Amino acid sequence: MGSHRSPLLGLILPLFLLLTCSVSIPVVSSTKRDVAVLLQVKTDQLDDPNNELNNWVETSQNAPCDWTGITCDPQNGAVISIDLSNLAVAGPFPANFCRIPTLQNLNLFNNYINGSLFSKSLSLCSRLHSIDLSSNLFTGDLPEFSPDFINLTTLVLSLNNFTGAIPASFGRLPSLKVLRLVSNFLNGTIPESLTNLTELTHLELAYNPFFSPLPESIGNLTKLENLFLPFSNLIGKIPESIGNLVSLTNFDLSDNNLSGEIPNTIGGLKSVVQIELYRNQLSGELPATLSDLPSLVRLDVSQNNLTGNLPERLGGLPIEVLGLNDNNFHGEIPESLATNPNLSVLKLFNNRFSGNLPVDLGRYSDLTFVDFSGNEFVGPLPPYLCYRKKLAHLCTFSNKLTGPIPTSYGDCDSLNYVRMFGNNLSGPVPVGFWGFSGLTFLQLDDNNFDGSIPPSIAKARVLTNLRIAGNNFSGEIPTGICQLKELVALDASRNKFSNKMPSCMTELSELHSLNLGDNMLAGEIPEGVGSWKNLTNLSLSHNNFTGEIPADLGSLPSLAFLYLDGNSFSGEIPVELTKLKLTKFNLSNNKLEGEVPSGFNSLFFLQSLMGNPGLCSPDLNPLPKCPKPKRVSMYVVGVLVAVALLMIGIFIWLLKTKTVCILFSKKPGILKITSFQRVGFNEEDLLDSLTEENLIGSGGSGQVYKVKIKNGETVAVKKLWGGNKGADTEAVFRAEVESLGRIRHANVVKLLVSCVGEDFRILVYEYMENGSLGDLLHGDKGGVLLNWARRFSIAVGAARGLAYLHHDCIPPIVHRDVKSNNILLDEDFGPRVADFGLAKTLQCNVKESDEEMSGVAGSCGYIAPEYAYTLRVNEKSDVYSFGVVLLELVTGKRPNDDSFGENKDIVKWVTEVALASAEVGSGMATNPRIDWAKLIDQRMSLSTTDYEEIENVLNVALLCTSASPMSRPSMRKVVELLKN
Ligand SMILES: *[C@@H]1O[C@H](CO)[C@@H](O)[C@H](O)[C@H]1NC(C)=O
Ligand SMILES: *[C@@H]1O[C@H](CO)[C@@H](O)[C@H](O)[C@H]1NC(C)=O
Ligand SMILES: *[C@@H]1O[C@H](CO)[C@@H](O)[C@H](O)[C@H]1NC(C)=O
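Residue 45 in our numbering sits at position 65 of the sequence shown; the count goes up by one each step and never skips.
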């Protein structure tokens, strides 16, 4: 409406119109009225902190049609639309906008409109065609709609905090086509009256805590295209009438509590493209009528109780993604699936399917993902599975498959994840199969494979897991294996490998677990084992290793399991090994000799030492006594020393082995002390040091002290309140001890000692010189100490720590309180994940590893949205919180920074700014004029390459903070994406 008029014309025209053109008089006055209404709302009802509406002035040339967000009817200049989306305006619902009688559309999407939406004020708006109030701060009940709203076609109230039930009056909007109430706190029953809305094309009510069946008469909505109700607490059966929804393209009822059978009538969904019914309690068989759906591209019924055979004609559909996993399906896979030209993703795992896999599978379609695991399949692997060279994910484990891996698989360069363990597969593995450049996981254990590992395994540069135990592999372990710098776990046990272990294997510094037990390996353990800094488990049992046990093993910071039994190791047991905090170790049945180091001189270790005829001990029956020193005086001294050593030994042993320490404790308060690492202090030093001057922090659960102990080391001591004040103390304490006590990782804080007193609990950690990330970032020093490079390495390190908890701990650990204050920084700003007071281990057998939590956990601003209505956390909730931490690192702002406005958090804010920018065009590296400057912490000085990295981190952060847990990457993936 910004046409250019001369000032003269501007003066004359209204006069002219007034005098000559009576038809136009209402237009002029309506314009005046609209201007008045708009300005009145602007000044009286809207808070506009960013002055987005500063061109709303009467004197503008074409007021109000050239104002921000205003659209006028080109014919008569009357205001027909107000669109103030994304302007950060605040205040109560500006109902007076609706006093403009020509107004048709009101869009206030993504602002800070708050308070209730009262039926009375809304009643002014009955002439509107479209109302969008989504993504605001509305609370309270939904308004009632009067019968006057006869023209309303679109009503969008998603992403607010509306509570209560949907009023029946919503069913009296005769023109309504689009109804979106996604992500509120709506409860109660979905009113049957909604099925009167026969014009409806979109019914989207997902992410609300209803407790409701789907209305029986849902089938009345014959124009419905999108029925979107995941995560809505739906109960009861899927109504028969569903089959009348002939226009439906998306049918999504996933993640509810629906039960009963899928009705046969589903075959009536002639237009349906996607059916999502996963994670319900549906039972019975798949209806044969599913095969009548001519447009069905994605079908996911996984994680239900479905049973029976697959309908024979299922494969005849244009299906691309088929998810049937975690049900009780049985019978064979129809051949028609194999000839389907569209099939890309096939998830059949955890059922009772049997028979052969279809021979032609993969031949006629671009298969990318197949998972047959956990079934009863027999016979050979299908030869064409990777015919189209797209296959990335191949899981066939836990079946009864036989025969070799087809040679054609050796060219399947697209593979990155392979798990075939637990079958009866045999023969040599195709040479190419070992060396795919993108392969991260290769698991072939417990089959009958033979042949050797080719040197070309060196090409699998990103392999993290190589598990080939329990086969008949033979020959040497090739030196090529030393090129696999990302290797975390290598299990080649229970094979026939021979010759020496390549000395370069000590260069595999990422290794957490190395198991070469039960082979025919010989020679010495190579030099340089000291570089296995991450090694937790080393097993070389039952081979022909010779030479001495390297003393360096005693310096491995994480080693907890050491099995060297059943070899020919000789020499003395290195005293350095006693420095390790070993959970299990076994040196039995070797040729070790000399005196058992005092640290092992206890019954506790006896079984681990037996079968070494040369070993002696002063007192450990039935080991022979060590030869007595000759001279009497020396004898006496010897006895005294031995006694002293023994006492020290017992004391150390008691300290180390979770033993009640009350015997030795002079302080009556202490009941039990448990030490998880080698420490140079006792409980008395500890208690004495908890003085006021050492106090560095005090919080809800207790106090934190910084204590310098006698050997010069500094530790952090957390004293948890006891008594009434500490109702949760015990839970916090236990969670912390149970999770932290058993893990070692460079990016997870080390718990050194725990101590139980009568009315207190104490936890001792390594001291972190630079405090918490939260303090550094949000305290005064942030700009100076945390440049981008540092922030980035903190991001990667913390991600590694969490990935370790989620993926490498058994059972996995969910932290549940990931936040910047719980990421501590050592003197080099290396990050460690800390504070496990809310941590919870996940039981493996719980479906999808999620578990209901009682009570609220986590910290404000970091809690994943699903938590609010499900109280279910899984590791994806941690991922969300970590995403928030990434956003803090980039923006330097707190998760609930005041500048976001009340009740708005960092995720909402960043998403908004990013979306606004995305609309303008492209990334920030290439388009610096966009609002990215608003996002990035101005206290950093940045180079161009920094910008690229920041953009990447931001993208990862946004992915992590996706509203849907399923869209969030795993922490392992996060590490990968960050390093990208
Ligand atoms: C509904 O829309 C039609 C066509 O735009 C219009 O003629 C009618 O007056 C409107 N009714 C109401 C109550 O606004
Ligand atoms: C909306 O609900 C969320 C989650 O319970 C809460 O954090 C937020 O403060 C609420 N907002 C308003 C405006 O009530
Ligand atoms: C719905 O939630 C409100 C609080 O928002 C509560 O008072 C009411 O009892 C709930 N109704 C049902 C049926 O659960």
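Backbone N, C-alpha and C define an ideal beta-carbon position, used for all residues, glycine too.
Keep in mind that this is a model prediction, so the values were computed, not measured.
Cβ-heavy atom distance, threonine 119 to ligand 2, below 7 Å: yes
Three CB pairs or more closer than 8 Å across the segment 34 to 51 and the segment 97 to 116: no
Exposure of aspartate 815, with buried meaning 16 or more beta-carbon neighbours within 10 Å: buried
Three-way DSSP call (helix, strand, coil) for threonine 850 in this model: For threonine 850, the predicted model reports a pLDDT of 48, less than 50, meaning its position is unreliable and no value from the coordinates is stated.
Burial state of threonine 941 (16 or more Cβ within 10 Å): buried
Contact shell at 7 Å, judged by CB to any heavy atom of ligand 3, ordered along the chain: Thr143, Gly144, Ala145, Phe165, Asn167, Gly168 and Phe191
Nearest-angstrom Cα separation, counted from threonine 459 out to serine 473: 17 Å
Reference threonine 175, options Pro219, Gly144, Leu491 and Asn141, closest by Cα: If we check each option's Cα against that of threonine 175, Pro219 comes out closest.
Residue(s) in a DSSP beta bridge with valine 955: BP columns for valine 955 are empty, so no partner.
Lining residues of ligand 1 - beta-carbon closer than 5 Å to any non-hydrogen atom, in sequence order: Arg107 and Asn131
Which of helix, strand or coil DSSP assigns to glutamate 124: coil
Neighbourhood of asparagine 750 by C-beta, 7 Å cutoff - its chain only, sequence neighbours within 5 removed: Leu756, Leu805, Asp806, Glu807 and Phe809
Whole-angstrom distance between proline 267 and isoleucine 242, CA atom to CA atom: 7 Å
Under the three-state DSSP convention, the category proline 219 falls into: Residue state, collapsed to three classes: coil.
Member of Asn260, Gly342 and Thr269 whose CA lies at the smallest distance from the CA of glutamate 300: Gly342
Any non-hydrogen atom of ligand 2 closer than 7 Å to asparagine 305 Cβ: no
C-beta neighbour in chain D for threonine 526, strict 8 Å: This model lacks chain D altogether; it includes just one protein chain.
Buried versus exposed, by CB contacts within 10 Å (16 or more), serine 921: exposed
Asparagine 141 beta carbon near ligand 2 (any heavy atom closer than 7 Å): yes
Spatially closest choice to proline 945 from Lys914, Lys959, Phe862 and Met590, by CA coordinates: Comparing alpha-carbon positions, the option among Lys914, Lys959, Phe862 and Met590 lying closest to proline 945 turns out to be Phe862.
Coarse secondary structure for leucine 743, derived from DSSP in three states: strand
Selected residue, minimal CA-CA separation from aspartate 27, among Met485, Pro74 and Gln55: Pro74
Which of helix, strand or coil DSSP assigns to histidine 786: helix
Near ligand 2: asparagine 90 beta-carbon under 7 Å from a heavy atom: no
Nearest to asparagine 30 (by Cα), restricted to the options Pro482, Pro792, Asn570 and Val69: It is Val69 whose Cα lies nearest to the Cα of asparagine 30.
Residue from Asn76, Arg259, Ala440 and Thr245 whose Cα sits closest to the Cα of asparagine 237: For the options Asn76, Arg259, Ala440 and Thr245, the alpha carbon positioned closest to that of asparagine 237 is the one of Arg259.
Buried or exposed (CB count within 10 angstroms, at least 16 for buried), threonine 558: buried
Exposed unless 16 or more other CB atoms sit within 10 angstroms - verdict on isoleucine 723: buried
Cβ neighbour criterion (16 or more within 10 Å) applied to leucine 18: buried
DSSP beta-bridge partners of serine 550: Glu528 and Lys571, per the DSSP bridge assignment.
Where aspartate 272 falls: helix, strand or coil (DSSP): helix
Limits of the beta strand (DSSP E) - the one that alanine 502 falls within: 500 to 503
Residue range of the beta strand (DSSP E) that includes alanine 696: 694 to 700
Where leucine 435 sits in the DSSP three-state scheme: The question names leucine, but residue 435 in the sequence shown is proline. DSSP places proline 435 in helix when its eight states are reduced to three.
Among Ser378, Thr387 and Gly354, the one whose alpha carbon lies nearest that of tyrosine 996: Residue 996 lies beyond the stretch modelled for the chain, which goes from -19 to 960, so this question has no answer here.
According to DSSP, residues forming a beta bridge with asparagine 68: Reading off the sequence, residue 68 comes out as alanine, not asparagine. Per DSSP, none; premise fails for alanine 68.
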